[in-house]
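Line by line, the protein sequences are chains U and A. Using the numbering used here, the first residue of the first sequence is number 1, and each one after it goes up by one. Using the numbering used here, the first residue of the second sequence is number 1001, and each one after it goes up by one.
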Amino acid sequence: SQKIEQNSEALNIQEGKTATLTCNYTNYSPAYLQWYRQDPGRGPVFLLLIRENEKEKRKERLKVTFDTTLKQSLFHITASQPADSATYLCAASEAAGNKLTFGGGTRVLVKP
Amino acid sequence: SQTIHQWPATLVQPVGSPLSLECTVEGTSNPNLYWYRQAAGRGLQLLFYSVGIGQISSEVPQNLSASRPQDRQFILSSKKLLLSDSGFYLCAWLGNYGYTFGSGTRLTVV
Chain U
1 SQKIEQNSEA
11 LNIQEGKTAT
21 LTCNYTNYSP
31 AYLQWYRQDP
41 GRGPVFLLLI
51 RENEKEKRKE
61 RLKVTFDTTL
71 KQSLFHITAS
81 QPADSATYLC
91 AASEAAGNKL
101 TFGGGTRVLV
111 KP
Chain A
1001 SQTIHQWPAT
1011 LVQPVGSPLS
1021 LECTVEGTSN
1031 PNLYWYRQAA
1041 GRGLQLLFYS
1051 VGIGQISSEV
1061 PQNLSASRPQ
1071 DRQFILSSKK
1081 LLLSDSGFYL
1091 CAWLGNYGYT
1101 FGSGTRLTVV
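Spelled out as structure tokens, the structure:
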């Protein structure tokens, strides 16, 4: 079965810098990778989706890449702000409409 | 617009007691619905999903069950709770652009 791995260590970063998070999958290449933001005690909120045949996707200060050779997705937060502090979850699905397999998430702390 | 409601927000239940968590969706029809559980500091574990009324798929054998009595209603139940059932339970529906999650239920079994 698919396994999604994210760095469990918290990422501490200075305001204004770029935060880069890694998501690795171990099995087959998923058709879709999704990134979510989760604040403490809240449900995850969808951020971005990238398809297998897409190299890069952007949304405002967020950028996601998908490298099927490395079996990896990178999630970038540029010009980071303290409000970006949260846990970010990576998830994979085999096809549109399929159930998601989530990674354990990486906590990001942006210091002013 | 589509919204998802989940309740209660927090719940403390004794071991051996029953459980019923309800999730309802508004603004969409025939949604794919999901129940996830998140242990403290861990990722989300898929428990059940449903593609329609009365259709339930179980992902992990456990002390829980799910039902979908109506198109936009998804219920998570247990007849007798265990300590290991403690966690953060999330209901979700699948839209065109990713999942929309409910606000979650923090369940503590004591």
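We put the CB at the ideal spot given by N, CA and C, even for glycine.
Have a look at F46 (chain U) and Y1036 (chain A) and give me their C-alpha separation to the nearest angstrom.
Here residue 46 (chain U) refers to the residue found at position 46 when the first sequence is read from its first residue. Here residue 1036 (chain A) refers to the residue found at position 36 when the second sequence is read from its first residue. Cα to Cα, F46 (chain U) sits roughly 15 Å from Y1036 (chain A).
Out of A:S1084, A:L1083, A:K1080, A:L1047, state which residue places its alpha-carbon closest to the alpha-carbon of E1067 (chain A).
On the second sequence, residue 1067 (chain A) is found 67 positions in, with the first residue counted as 1. The residue asked about is misnamed: residue 1067 (chain A) is Ser in this sequence, not Glu. Of the candidates A:S1084, A:L1083, A:K1080, A:L1047, the one whose C-alpha sits nearest the C-alpha of S1067 (chain A) is A:L1047.
Tell whether a beta-carbon distance below 9 Å holds between S1020 (chain A) and I1075 (chain A).
Start at 1 with the first residue of the second sequence, and residue 1020 (chain A) comes out as number 20. Start at 1 with the first residue of the second sequence, and residue 1075 (chain A) comes out as number 75. Contact: yes.
If we call anything under 9 Å between Cβ atoms a contact, is Q38 (chain U) one with V110 (chain U)?
Counting from 1 along the first sequence, the entry for residue 38 (chain U) is found at position 38. Counting from 1 along the first sequence, the entry for residue 110 (chain U) is found at position 110. Not a contact, by the Cβ cut-off of 9 Å.
H1005 (chain A) and G1104 (chain A) look like a contact to me (Cβ under 8 Å); what is the Cβ gap, rounded to whole Å?
The sequence position of residue 1005 (chain A) within the second sequence is 5, counting from 1. The sequence position of residue 1104 (chain A) within the second sequence is 104, counting from 1. That belief does not hold up - the Cβ atoms of H1005 (chain A) and G1104 (chain A) are roughly 12 Å apart, past 8 Å.
Between T1024 (chain A) and chain U, is any beta-carbon pair separated by less than 9 Å?
Position 24 of the second sequence, counted from the start, is the residue given in the question as residue 1024 (chain A). No, no contact with chain U.
Look up P82 (chain U) in the DSSP assignment and say whether it is helix, strand or coil.
If you number the first sequence from 1, residue 82 (chain U) lands on position 82. Correct three-state label for P82 (chain U): helix.
Count Cβ pairs between the segment 1077–1090 of chain A and the segment 20–39 of chain U that sit closer than 8 Å; are there 3 or more?
no
Please report whether the beta-carbon of Y88 (chain U) lies at a distance below 9 Å from any beta-carbon of chain A.
Reading the first sequence from its first residue, position 88 is the one you call residue 88 (chain U). Chain A, which has no Cβ nearer than 9 Å to the Cβ of Y88 (chain U), makes this no.
By alpha-carbon positions, which one of A:V1051, A:Q1045, A:Q1070 ends up nearest to Q1062 (chain A)?
On the second sequence, residue 1062 (chain A) is found 62 positions in, with the first residue counted as 1. Ranking the options by Cα distance to Q1062 (chain A), first place goes to A:Q1045.
Is there at least one Cβ from chain U nearer than 9 Å to L1107 (chain A)'s Cβ?
Within the second sequence, the letter at position 107 stands for residue 1107 (chain A). Answer no: the Cβ-Cβ gap between L1107 (chain A) and chain U never drops below 9 Å.
In the segment 29–45 of chain U, which residues sit with their C-beta less than 8 Å from some C-beta in chain A, listed in chain order?
Q34, Y36, G41, R42, G43, P44, V45
Assuming Q6 (chain U) and G104 (chain U) form a contact by the criterion Cβ under 8 Å, report the distance between their Cβ atoms to the nearest whole angstrom.
Taking the first sequence and counting its residues from 1, the one referred to as residue 6 (chain U) is at position 6. Taking the first sequence and counting its residues from 1, the one referred to as residue 104 (chain U) is at position 104. Confirmed, about 6 Å.
Cβ-based contacts, 7 Å cut-off: residues of the segment 1023–1054 of chain A near chain U:
N1032, Y1034, R1042, G1043, L1044, L1046, Y1049
Less than 8 Å between the CB atoms is what I'm expecting for Q1073 (chain A) and E1022 (chain A), so what's the real figure, rounded?
Against the second sequence, residue 1073 (chain A) aligns to sequence position 73. Against the second sequence, residue 1022 (chain A) aligns to sequence position 22. Indeed, because the Cβ distance is near 7 Å, the residues count as touching under 8 Å.
Look up S73 (chain U) in the DSSP assignment and give the residues it is bridged to.
Here residue 73 (chain U) is taken as the residue at index 73 of the first sequence, counted from 1. Per DSSP, U:C23, U:F66.
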